[in-house]
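Here is the structure we will look at.
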């Protein structure tokens, strides 16, 4: 009898101890799992965001999150306990904690399983991180067998679906590594660890395994089962996307590199002479001179400052350039003249600045004195160049102090290159180098976020009159809040490489960052001997330029000695020239649509590149299509990523045509049209039902573009630059077949007054049953806003002008003064 009492007493004591170890907190729950010596916490940040933390001790380690800026809200939580499980519900989700094993399960509010941790799926393996004691940390999940996963930043696998693979997430040129996955079920998981991390998915489990860390720390986001809901949660957690300037939505010309102010200005002149629209031109590296003077953030190359032959300056001549070369007397004699000339000709100038410095620069010397250089081998090699430590606030201050010289010169935008950063010969010593926040290993993937943050915050502190526009080669979760866009790095000019960028850009967009592009034509033209006159290279360039029209940023770029200005490919009347010009001009006609997408990205957590899972999640075929997407909610685009009319003979080192006349040839490509909508061929207005693959004729000047029935598209005037003409006479195309909505967004174009509410929105609604278009009352106001304007309305049918053709007759012309109007059509 006494023995039985002791057993009962022992059970009661254990039960009592366990009950004390599970604590309901103000924002969730806390549980100490004795069998694992692990504490776990559930912390709700909102109805749709919950943080899960696990650590191998009783005490929460210090932890800094670089992307997360949200603080927890007061959330109405309801608790229930049953059979050893603690369930916590919000208005959007249910989180269940197994109090014995610590396994966490996520459900929607109806109780449907979304995802769950694997039992005993959190692991800590002690390790050394340089001089520090740390852990290798892993977290394992169980996904549904046929579930499609997206995200992980921008990879070069060509895969949209991230299942059944293993990827090392460590930023490098062409690979942007973001430890975030999102599901067709409409949830997202951000693994908050910036150290190199292996993502692995097998039939048994899906896991993140980080090289170092003190805890398992991730955020689960679920709102309403849609990807738009998830992205709204990302923006709430990590910051809203900033508005980029209107002029950045035009066409950009870039080359490695323009070697003098005259050369750059002559390219601008040629565009204006030929009537090829242009808004931005880019000055790439070595305006500072030789590699030892890398990234001096000054014009010190003697060719740029009219000092050729001057002994005091010739030491800065770039490596490999002939010091005895003779050049004509320069027309543009100083960098200031160059900037002024670009502005006078209604364009804007971006300039290259790097995350590293050469040993001759003043920055290098100051950074070295404050122990804020990461002394490993970077690009350019064997020049003594080293990256700086952006985790050090004083180093970020120094970076801007020198960069302000260029800002004061009138530079409009920054190309923050090599923000991975480039690194070579990396071993234990190099990854263990100290930063202001720990070893380089422990913070590695957050480097681009901090580097761009420094430029953004310092320029915002100087003035709000000019929006930041940062083109950066690497990125991280939360990057959208710093006025930046990422491009896909130094990729090669090949058809298969071009296709892989589509999936990379779509997965990057699903990480909540709306602005992205590629080097149009690819960067390295090795495949075609850097020969822009080669017919095979020309076909690739044309198709890439066509795709560029439907990227968030349209920027043409190439590596030396390739030259990619469109007039290098021919003159008016040549198919390679005409086709490119056609799509640059179309880009400008679509500006009201594109800028409204930007407005939605900022004001409503919208996305510009939209993989089909966002708009057609029930179409199981569509959600895995990796070479098509929605540009906004209305335009379906499929870049042509195969040569149709030329081929390249590697033995002959030359391209050839496979048809008698490329300009007249017509071959078909297969396009999948998702279920749930009808589709207009943009070029012919022919309508097709969804849920089928159609064969579309694609001559060299046409790429597949379809408009979803139930769309309203605004078209702007033909212009040479974005601000040439006002939008006072917009063409409004209505594509009937379903109800439609579109909100026209406008603001001042290039300052931050929109943050104070200085913008306008006009909502258009099409009632398909009654064929009625309602133009809503204008909401908002800003300086210079059009008080009165015309809308020329075209209800599209098979006989209407299509594609880039401007109609001569309209269904109705409406004078609009900001008051709501209803038009029967």
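Numbering (mature numbering (1 follows the signal peptide of the UniProt record, and there is no 0)), first residue to last: -19 to -1, 1 to 806. For glycine and all other residues, C-beta sits at the position ideal for the given N, C-alpha and C.
Would you give the residue range spanned by the alpha helix (DSSP H) that residue i belongs to?
{"i": "residue 212", "result": "208 to 219"}
{"i": "residue 821", "result": "Outside the displayed span of the chain (-19 to 806) sits residue 821, for which this structure offers no information."}
{"i": "residue 467", "result": "Element bounds for residue 467: not the alpha helix (DSSP H) but the beta strand (DSSP E), 465 to 468."}
{"i": "residue 318", "result": "316 to 325"}
{"i": "residue 692", "result": "From DSSP, residue 692 is part of no alpha helix (DSSP H) but of the beta strand (DSSP E) over 692 to 696."}
{"i": "residue 599", "result": "First-last for residue 599: undefined, no H or E at that position."}
{"i": "residue 608", "result": "Run containing residue 608: none; DSSP gives neither H nor E here."}
Leaving aside the five residues before and after residue i along the sequence, list all residues of the same chain whose C-beta is less than 6 Å from its C-beta, in chain order.
{"i": "residue 528", "result": "620"}
{"i": "residue 755", "result": "746, 803"}
{"i": "residue 14", "result": "83"}
{"i": "residue 48", "result": "219, 458, 459"}
{"i": "residue 540", "result": "237, 504, 505"}
{"i": "residue 788", "result": "775, 782"}
{"i": "residue 473", "result": "503, 505"}
{"i": "residue 519", "result": "550, 557"}
{"i": "residue 383", "result": "278, 344"}
{"i": "residue 625", "result": "648"}
{"i": "residue 418", "result": "372, 424"}
The beta strand (DSSP E) spanning residue i covers which residue range?
{"i": "residue 669", "result": "668 to 670"}
{"i": "residue 108", "result": "94 to 110"}
{"i": "residue 760", "result": "760 to 762"}
{"i": "residue 121", "result": "113 to 123"}
{"i": "residue 746", "result": "740 to 748"}
{"i": "residue 59", "result": "59 to 63"}
{"i": "residue 68", "result": "66 to 70"}
{"i": "residue 248", "result": "Looking at the DSSP string, residue 248 is not in any beta strand (DSSP E); the run it does join, the alpha helix (DSSP H), is 242 to 255."}
{"i": "residue 260", "result": "Unbroken run through residue 260: none, as it is neither H nor E."}
By Cβ distance below 7 Å, which residues in the same chain neighbour residue i in space, the five residues on each side in sequence not counted?
{"i": "residue 299", "result": "267, 270, 271, 282"}
{"i": "residue 485", "result": "135, 136, 137, 469"}
{"i": "residue 81", "result": "65"}
{"i": "residue 423", "result": "110, 176, 193"}
{"i": "residue 800", "result": "758"}
{"i": "residue 798", "result": "768, 769"}
If you reduce the DSSP assignment to three classes, tell me which class residue i lands in.
{"i": "residue 583", "result": "helix"}
{"i": "residue 488", "result": "helix"}
{"i": "residue 802", "result": "strand"}
{"i": "residue 794", "result": "strand"}
{"i": "residue 235", "result": "coil"}
{"i": "residue 229", "result": "helix"}
{"i": "residue 766", "result": "coil"}
{"i": "residue 10", "result": "strand"}
{"i": "residue 147", "result": "strand"}
{"i": "residue 54", "result": "coil"}
{"i": "residue -6", "result": "Its pLDDT being 37, under 50, residue -6 is placed unreliably by the model, and the measurement read from it follows with that caveat. Three-state result, residue -6: helix."}
{"i": "residue 26", "result": "strand"}
{"i": "residue 142", "result": "coil"}
{"i": "residue 661", "result": "strand"}
{"i": "residue 313", "result": "coil"}
{"i": "residue 478", "result": "helix"}
{"i": "residue 731", "result": "coil"}
{"i": "residue 774", "result": "strand"}
Return no unless some Cβ of chain B is closer than 8 Å to the Cβ of residue i.
{"i": "residue 188", "result": "Absence of chain B from the displayed structure is noted, only one protein chain being present."}
Who are the near neighbours of residue i in its chain, counting only those whose CB is closer than 8 Å to its CB and skipping five residues on each side?
{"i": "residue 790", "result": "none"}
{"i": "residue 753", "result": "747, 803, 804, 805, 806"}
{"i": "residue 673", "result": "653, 654"}
- Those runs of the alpha helix (DSSP H) which lie wholly inside the stretch 262 to 301 and span at least 4 residues: 292 to 295
_Could you check whether the stretch 243 to 251 touches the stretch 205 to 215, counting it as contact only if at least three pairs of C-beta atoms, one from each stretch, sit closer than 8 Å?_
no
Three Cβ pairs or more, each shorter than 8 Å: is that satisfied between the stretch 701 to 709 and the stretch 312 to 328? yes
Practice task
Taking 8 Å as the threshold, find out whether the stretch 121 to 135 comes into contact with the stretch 149 to 166 through three or more Cβ pairs.
Solution key: Result yes; three or more Cβ-Cβ pairs closer than 8 Å.
Q) For the 8 Å Cβ check, are there 3 or more pairs between the stretch 196 to 213 and the stretch 18 to 31? A) yes
With a threshold of 8 Å, are at least 3 pairs of Cβ atoms found where one atom belongs to the stretch 224 to 237 and the other to the stretch 534 to 551? These segments touch.
Self-check item: Any 3 or more C-beta pairs closer than 8 Å across the stretch 668 to 687 and the stretch 728 to 740
Solution: Three or more beta-carbon pairs separated by less than 8 Å are not found between the stretch 668 to 687 and the stretch 728 to 740, which leaves the two stretches without contact.
*asked:* Assess contact between the stretch 648 to 662 and the stretch 599 to 610, defined as three or more Cβ pairs (one per stretch) separated by less than 8 Å. Is contact present?
replied: Output reads yes: the stretch 599 to 610 touches the stretch 648 to 662.
**Study point:** Ordered list of alpha helix (DSSP H) runs contained in the stretch 330 to 415, each at least 4 residues
**Key:** Counting only runs of 4 or more, we get 343 to 350, 374 to 390, 409 to 412.
* Return the chain-ordered ranges of every beta strand (DSSP E) run that is complete within the stretch 493 to 578 and spans a minimum of 3 residues. => 535 to 537
Contact between the stretch 306 to 316 and the stretch 368 to 382: three or more CB pairs below 8 Å? With the cut-off at 8 Å, the stretch 306 to 316 and the stretch 368 to 382 do not touch.
Which ranges does the alpha helix (DSSP H) cover as unbroken runs of at least 4 residues, wholly within the stretch 150 to 216, from first to last along the chain?
-> Annotation note: the stretch 150 to 216 contains no uninterrupted alpha helix (DSSP H) run of length 4 or greater.
Within 8 Å, do at least three Cβ pairs link the stretch 89 to 98 to the stretch 6 to 23? no
Review point. What runs of the alpha helix (DSSP H), each 4 residues or longer, lie entirely inside the stretch 414 to 452?
Key: 421 to 424, 428 to 443
Three or more C-beta pairs under 8 Å: does that hold for the stretch 385 to 393 against the stretch 146 to 154? no
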